[in-house]
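Residue numbers (my numbering): 7 to 132.
Ideal Cβ positions, reconstructed from N, Cα and C, are used throughout, including at glycine.
Predicted model only: the values in this text are computed from it and were never measured.
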């Protein structure tokens, strides 16, 4: 059986929750936090870091760390890292994948559906 989750993909932090007994329950991430920083980093060794670990290493790897990417949704913004261009949507997808993985670890089952919040001020392109 699969479960649906609710995701608040925030500019600064993101949250994933699930209904349990008819009540929303925030799912802690792999690091134990109730919120996950909306930060993605690419280490010099090629590893993709997401969340708290990406945020912690940002001071030493600022050129390869992306934060507040939600502000660029629906635009032609991109960032080049190691000769590869990443769009805001691709960076956001990394954050969503982490939230999905954290939810699956908590639930012990696959997550196949999600409701993702959208700010009221977003336009169709965003």
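Using the Cβ count rule (16 or more neighbours within 10 Å means buried), how would you classify residue i?
i	result
residue 79	buried
residue 131	exposed
residue 94	buried
Please name the residue in the options whose C-alpha comes closest to that of residue i.
i	options	result
residue 124	9, 81, 8 and 17	17
residue 38	87, 109, 128 and 81	109
residue 14	71, 51, 32 and 89	32
residue 87	71, 101 and 99	71
residue 34	28, 107 and 54	107
residue 1	29, 30, 55 and 127	Nothing about residue 1 can be reported from this structure: the residues present for the chain run from 7 to 132 only.
Please say whether residue j and residue i have beta carbons closer to each other than 8 Å?
i	j	result
residue 20	residue 105	yes
residue 45	residue 61	yes
residue 84	residue 36	no
residue 117	residue 12	no
residue 40	residue 24	no
residue 58	residue 43	yes
residue 49	residue 67	yes
For this session: Only counting runs of 3 or more residues, tell me where the beta strand (DSSP E) segments fall wholly within the segment 36 to 84, in order along the chain.
Result: 45 to 48, 54 to 56 and 71 to 73
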